[in-house]
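Undergrad:
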Amino acid sequence: MPSSSLDSSLAVIRQQEQLMRRCLDTKGRLMDALRHASLLLAELRANTLSPKQYYEVYMAAFDALSNLSVSLKDFHPGNHLADVYELVQYAGNIIPRLYLMITVGTAYMSVDDAPCREIMKDMMEMCRGVQHPIRGLFLRYYLSQKSKELLPVGSADTVQGNLNDSIQFILTNFVEMNKLWVRLQHQGHTRERNQRTLERQELQILVGSNLVRLSQLDGIDCEFYSEKILPAVLEQIVQCRDVLAQEYLLDVITQVFPDEFHLHTLKQFMNAIEHLNPGVSIKRIVGTMVDRLAKFSQREGDNERLEAKLRKELTLATTEKVGTSENSTEAVSSVPISTISQTETDSKGKEKPDDANSNENNDINEPISDTENQMTIENSKEDETIVNGIPRSIPLFEIVWKNVVTLLSSRELPLADTTSLLCSICRLSLFAYPENPENLSILFNYTLDTVIQPNKDTLDLHSNETSGNLLSLLMGPIDFYPKLVTVLKINGFNELLKSQSERTQKVIANGVIDTILKNPDSKIRHPEQAEGLFGLLSVIIKSSSSVIPNQSAQQEKQASSEYSKLSKIVHLLYNKDPDVNLKLIQIARNALLGGGADRLEYTFPALVTSTLKLVRRYARLRLNIIRYEQKHGEIDPTDEVKARIMKRKFNGETVFTITTKISATFKLTSRVISDLYYRQPSCSEKVLRLYVLAAQLADQVYLAPLSYEFFALAFQIYEESISDSRAQYQAVCVLIQALQGCRSFSSDGKSNGIGGSGSKDVSDDSDGNSYDTLITKCALYGSKLLKKVDQCRAVYLVSHLWWHEDYELGDDEQKDQQLESNEENSEAKTSGGTDSSSDEMAGKLRDTPLPFQDGKRVLECLQRSLRVADACMDSVMSVKLFVEILEQYIYYFERGNSFIEVKYVNGLIELITNTIESAANDDLNTNSLSMSGSINPILNGNSAGGGELEATKGHFHRVINYLESRREEEGGRFLELVW
């Protein structure tokens with residue numbers, strides 16, 4: 001119908017409404033008002049209006065009739081509504097007549113002592129006179145709207161009616177409206193079928209409103225619903241055989257009625273689904289119902305846990321007040337759950353009013369309803385036990401699973417729909433039966449045997465929707481259970497996971513890693529947990545790396561992120577028992593070795609760090625045993641009392657056994673590093689640093705032979721794999737720094753071990769020249785560097801290896817010593833006093849060697865570095881190196897090296913002064929030649945020497961100023977220096 005016709009109808013309605021209002025405002029003109037109302041209602045007889053347009057006309061007429069209804073109530077009993085009800089039935093046309101009948105009839109129902117039952121029956125029968133689908137739907141919708149607040153809900157059998165009458169009234173209206181709605185689909189030409197489907201979708205809310213009215217009636221309990229309401233509704237839905245109607249109405253049933261009703265009528269609901277039209281979407285209907293029950297169980301489970309917490313707090317408060325736990329327990333047990341929930345609501349200030357007509361509020365308040373309270377009181381009965389909102393007398397999972405399996409076997413559903421249903425059932429099992437993972441085993445095995453295996457070669461299985469559903473199915477228990485070991489124990493989970501594509505497995509593995517890393521307190525503490533985790537992550541560990549050379553920057557970044565996450569997982573391996581911790585590291589190593597070589601660069605350094613942390617834990621335990629033995633004397637194995645004390649405090653460990661375990665851990669460290677080196681040779685620089693790090697720690701725990709072996713391996717890496725000159729220089733600097741900090745070697749090259757009761761010195765070195773061998777080799781490396789500049793600097797740095805200062809604890813050792821001191825103080829306080837000799841004993845724990853100093857070798861290194869610096873072609877660089885060497889001379893001169901005499905310092909100062917003057921003259925001559933064009937400044941090596949020379953002069957002057965300040969402060973040997 002053109003827009004002008006709609007506008008014309010609306011204009012007529014507005015005009016007649018104004019006239020009707022004038023008549024209503026004038027006394028004695030009720031008949032005229034009814035005549036105008038009949039004229040405006042005549043516009044609802046139009047046949048060519050679309051549903052949207054007809055709705056606009058209907059709403060305009062509805063507003064006008066609302067005013068008429070209010071006036072009719074005001075005129076009663078002067079104009080008795082019974083008489084008016086009879087009068088309007090004489091209207092000429094059926095549409096105006098029925099609308100007026102409903103208007104007057106509902107107004108009459110609001111009057112006390114009105115025969116509601118007869119009026120409802122009469123209006124329902126009269127409405128059968130309109131069989132046009134659109135006009136009939138809106139007419140019955142009007143009947144439902146006007147009567148929804150007036151339906152009787154009592155149980156007495158009177159003329160006013162009761163709840164049964166109201167239910168029958170709504171059900172009859174629902175059945176008739178559904179018939180009209182379905183009939184609309186079969187009118188008109190076949191080519192307009194799709195258009196009529198769209199029109200029906202626009203009108204579906206009119207039919208569904210009847211089910212909403214049913215759900216809002218007071219006095220309906222679960223028994224009433226299961227015996228009288230649901231069977232009638234399901235019968236009509238099944239009989240209509242219309243796809244749209246069946247899908248929509250079953251969805252409305254799921255949404256509007258309480259969850260408790262669904263729990264007790266689930267069998268009826270599922271049985272009806274088996275008889276639906278084959279074209280109905282089973283996934284939509286069943287999935288919606290199962291998801292709602294899962295959310296209900298989740299919500300109720302949270303409420304139960306909160307109630308238990310409140311009960312516990314109330315128990316503690318009552319116990320403190322009454323003084324006896326027995327009385328407090330009785331007091332708490334007599335408090336209903338609703339009271340506790342109400343207390344929580346009041347404390348939060350978020351209490352909601354009780355609205356019996358609001359289905360949403362009914363859902364929220366259902367856990368604290370009278371029915372729930374009654375069930376709570378009867379919880380002593382085993383068959384009435386409620387867990388997570390599900391009565392244990394109702395086998396919810398079995399009902400759902402049995403019916404879904406029947407549906408899947410009788411209907412050919414797409415794999416996407418099947419997997420979606422399985423995801424919904426998985427969520428239901430997790431929320432309703434979290435303590436029963438056997439349900440998930442049934443689900444996973446069915447998915448593997450019935451869904452995956454028969455369709456593994458089909459495209460439907462690999463579609464995005466199906467893959468996404470399978471991913472959600474596998475991620476469900478991973479996200480739900482706090483402990484991954486629970487998921488790994490579910491029968492069928494690993495098999496189903498391995499049947500998925502590599503992409504899906506990677507997503508799940510990354511999801512597992514992200515879940516673990518989100519929790520800052522996550523630790524992998526048990527071997528079986530570690531084995532299961534690394535088995536699940538094997539898809540990331542073992543994924544093909546052949547595409548890595550050709551991958552894009554984005555793919556490379558993603559791969560790097562995955563490997564970094566794996567290394568973070570390694571850092572989460574921890575157990576209070578160091579021996580178990582060692583097993584965890586071994587499991588991780590074996591798992592990570594199965595991956596590509598490119599991954600080892602990320603993961604194995606983390607393994608090395610973990611082993612070194614474990615060494616520190618063992619060393620701390622060994623130090624505690626030594627401290628205990630020094631404080632209480634050596635333990636005699638025959639002394640049962642002290643032996644029991646040692647077993648209780650240190651788990652029966654001794655210094656010897658702990659030292660043996662430290663050595664075993666270091667051997668594991670060596671294997672891990674060598675695996676990285678041989679499988680990823682490009683990581684040679686990183687491997688060298690890892691060996692040096694292990695050597696430093698071995699030195700700190702006074703295992704000189706192991707420290708020597710690690711240094712030897714680092715030297716081997718240097719000789720075999722490091723060829724770049726810059727990398728060689730950096731490696732030499734790393735070695736020098738590490739060797740200079742070693743203190744487990746004595747001044748004659750022999751190691752200083754820590755012994756203990758019943759142990760031998762496992763740190764003895766037979767050749768007695770280990771340290772001298774290492775530093776001599778390091779000096780040789782420095783002297784053979786390619787660049788003279790690097791040679792010079794490496795040689796004067798090597799000189800520090802022959803000159804150790806007094807021993808100072810490193811940062812890590814200071815932390816360990818502080819921790820041990822705190823533990824000792826705590827133990828002393830626990831025993832009731834302090835030991836005045838604790839500090840003295842702490843000083844005896846370390847067999848600290850005397851400083852190793854060889855001034856002659858220091859002088860030889862410095863002189864050699866001078867010769868190398870003098871051999872540089874660049875005079876400015878030579879001066880710069882001379883100044884650096886001068887600083888080294890001054891360092892040893894200050895620290896009393898007798899071989900660093902004044903003449904050497906004065907001679908070097910004079911050499912630097914002369915060299916600076918010569919370099920300045922050369923630079924001046926070069927600039928003059930460049931200006932005359934004789935020399936190309938670009939080809940001349942000293943082209944930038946001016947700026948560097950000035951910087952070197954400034955450096956030299958600062959050194960001279962420092963010497964002047966020392967001469968003024970101390971005098972002595974500094975007075976003999978000349979510049």
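Oh and the sequence shown: position 872 is 872 in UniProt numbering, straight run, nothing missing.
Ideal Cβ placement from N, Cα and C applies to all residues, glycine included.
For I524, which residues does DSSP report across the bridge?
TA: Answer is L573.
Undergrad: Using a 10 Å radius around the Cβ and a threshold of 16 neighbouring Cβ atoms, would you call V879 buried or exposed?
TA: buried
Undergrad: State buried or exposed for T318, treating a residue as buried only when at least 16 other CB atoms are found within 10 Å of its CB.
TA: buried
Undergrad: So the alpha helix (DSSP H) residue 988 belongs to, where does it begin and stop?
TA: Examination of residue 988 is not possible in this model, given that the chain is present from 1 through 979 alone.
Undergrad: Could you give the C-beta distance for S538 and N469, rounded to a whole number, given that I count them as a contact under 8 angstroms?
TA: Contact flag wrong, Cβ pair sits at about 23 angstroms.
Undergrad: With a threshold of 16 other CB atoms inside 10 Å of the CB of S215, please say whether the residue is buried or exposed.
TA: With 16 or more Cβ atoms within 10 Å of its Cβ, S215 is classed as buried.
Undergrad: To the nearest angstrom, how far is the alpha carbon of L244 from that of E528?
TA: Distance between the alpha carbons of L244 and E528 is about 52 angstroms.
Undergrad: For C240, I'd like the list of residues in its chain whose CB is within less than 8 angstroms of its CB, leaving aside the five on either flank, ordered along the chain.
TA: Around C240: N178, K179, V182, Q246.
Undergrad: Apart from the five residues on each side of it in sequence, which residues of its chain come closer than 8 angstroms, Cβ to Cβ, to G476?
TA: C423, C426, R427, L430
Undergrad: State buried or exposed for E970, treating a residue as buried only when at least 16 other CB atoms are found within 10 Å of its CB.
TA: exposed
Undergrad: On the CB-based measure, 16 or more other CB atoms within 10 Å of its CB, does M877 come out buried or exposed?
TA: buried
Undergrad: Label V451 either buried or exposed according to how many other C-beta atoms from any shown protein chain fall within 10 Å of its C-beta, with 16 as the threshold for buried.
TA: buried
Undergrad: Beta-carbon separation of S144 and S66 under 9 angstroms?
TA: no
Undergrad: Report the three-state DSSP secondary structure of F715 (helix, strand or coil).
TA: Three-state result, F715: helix.
Undergrad: What three-state label does DSSP hand I662 in the structure shown?
TA: helix
Undergrad: Could you pull out every unbroken alpha helix (DSSP H) segment of at least 4 residues lying fully inside the segment 73 to 137, listed in chain order?
TA: Listed in chain order, the alpha helix (DSSP H) elements of length 4 or more contained wholly in the segment 73 to 137 are 81 to 87, 94 to 109, 116 to 127.
Undergrad: Between V608, I170, Y248, which has its C-alpha nearest K228's C-alpha?
TA: I170
Undergrad: Among residues of its own chain, excluding the 5 on either side of Q204, which ones have a beta-carbon nearer than 6 angstroms to its beta-carbon?
TA: Contacts found: Y248.
Undergrad: Would L881 pass as an interface residue toward chain C - the criterion being a Cβ-Cβ separation below 9 angstroms?
TA: Among the protein chains of the structure shown there is no chain C, as only one such chain exists.
Undergrad: Would you list, in sequence order, the uninterrupted beta strand (DSSP E) runs of no fewer than 3 residues that lie entirely inside the segment 700 to 745?
TA: none
Undergrad: Would you mind sorting N271 into buried or exposed? The rule is 16 or more other CB atoms within 10 Å of its CB.
TA: When all chains shown are included, N271 counts as exposed.
Undergrad: My output table needs one value for V978: the three-state DSSP class, helix, strand or coil.
TA: V978 falls in the coil class under three-state DSSP.
Undergrad: If you run the structure through DSSP and keep just helix, strand and coil, what is I220?
TA: coil
Undergrad: Pull up the distance between the alpha-carbon of T329 and that of T385, whole angstroms please.
TA: In this prediction, T329 has a pLDDT of 43, which is less than 50 and means its spatial position is unreliable; nothing more can be read from the coordinates.
Undergrad: Hey, V868 and R973 are a contact pair by Cβ (cut 8 angstroms); roughly how many whole angstroms apart?
TA: At roughly 27 angstroms, the Cβ-Cβ gap does not stay under 8 angstroms, so V868 and R973 are not in contact.
Undergrad: Mapping the DSSP letters down to three states, classify Q853 as helix, strand or coil.
TA: strand
Undergrad: What do you reckon, is the C-beta of I237 under 8 angstroms from a heavy atom of the ligand COA?
TA: Ligands displayed in this structure: none; no statement on the ligand COA is therefore possible.
Undergrad: Report yes if the CB atom of Y691 is closer than 9 angstroms to the CB atom of S721, and no otherwise.
TA: no
Undergrad: Could you give the C-beta distance for N388 and G301, rounded to a whole number, given that I count them as a contact under 8 angstroms?
TA: 4 angstroms
Undergrad: Ignore the nearest five residues each way along the sequence and tell me which others in V207's own chain have a CB closer than 6 angstroms to its CB.
TA: Taking C-beta separations shorter than 6 angstroms and ignoring five residues to either side along the sequence, the partners of V207 in its chain run M177, N178, W181, following chain order.
Undergrad: Would you call the segment 149 to 160 in contact with the segment 89 to 105, where contact means no fewer than 3 C-beta pairs closer than 8 angstroms?
TA: no
Undergrad: Please tell me whether I516 and L484 are closer than 9 angstroms, where the distance is taken between their beta carbons.
TA: yes
Undergrad: Mind checking whether H76 and A107 have CB atoms under 9 angstroms apart?
TA: yes
Undergrad: Do you know offhand how far V70's Cα is from K309's?
TA: 53 angstroms
Undergrad: Assuming contact is defined by CB atoms lying nearer than 9 angstroms, are L739 and L801 in contact in what I supplied?
TA: yes
Undergrad: Give me the Cα-Cα distance between V570 and I524, rounded to the nearest whole angstrom.
TA: 9 angstroms
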